[in-house]
Amino acid sequence: MLCYSGMTYPEQQTAWITNMAEKFWTVTEVIRRFEIDGDFLRNLEEEEIICPVCRENASDKLLSREDVENLRLAKILSEEMDVNLPGIEVILQMRKNMLEMRNQFDAILEDLAKYLQERLKHRL
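And the structure:
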């Protein structure tokens, strides 16, 4: 089990998300773990910041790892930085775009490194 002592609250939540084997968590688990208000969760759902999925014959909705991370960030933005829901939505979308660009940049760098390695092999 992961030891959370000495970690800040956001670090604890990130560690919890990273170390969980499950791909989905129930809304009840997330509300309890992140100590959030059900109204806040519903507002995030209405703004489509998170998109819980329903299971057949189950009373509780499920949240994906991405939704849990968005919820964690939304809580920090709302409580610690006093950002409103539209602002949270913009910030999270910008973050998503930046992560996608970073992945594209990493792929370009990887291709360039392979190309340069091949060129060096042919010169030697």
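Read in order, the letters of the sequence shown are residues 1317 to 1440 in my numbering.
Think of the CB as a built atom: it goes at the ideal place given N, C-alpha and C, for glycine as much as any other residue.
Query                                                                                                                                                       : Result
Determine, using beta-carbon pairs with one atom in the region 1401-1410 and one in the region 1426-1435, whether at least three such pairs fall under 8 Å. : no
Using 8 Å as the threshold, is the region 1374-1387 in touch with the region 1413-1424, meaning 3 or more CB pairs across them?                             : no
Please classify residue 1386 as buried or exposed, where buried requires at least 16 other C-beta atoms within 10 Å of its C-beta.                          : buried
Check whether the Cβ atoms of residue 1404 and residue 1352 sit closer than 8 Å, and answer yes or no.                                                      : no
From residue 1372 to residue 1359, what does the alpha carbon distance come to, in whole angstroms?                                                         : 24 Å
By DSSP, does residue 1378 sit in helix, in strand, or in coil?                                                                                             : strand
Under 8 Å between the Cβ atoms of residue 1399 and residue 1393?                                                                                            : yes
Considering only the beta carbon of each residue, do residue 1343 and residue 1357 sit closer than 8 Å?                                                     : yes
Taking the alpha helix (DSSP H) that residue 1427 falls in, what are its first and last residues?                                                           : 1401-1439
Could you compute how far the alpha carbon of residue 1391 sits from the alpha carbon of residue 1423?                                                      : 32 Å
When every heavy atom of the ligand SAM is checked, does at least one fall within less than 7 Å of the C-beta of residue 1429?                              : The ligand content of the structure shown is nil, which means the ligand SAM is not present either.
Tell me where the alpha helix (DSSP H) around residue 1362 begins and ends.                                                                                 : 1354-1362
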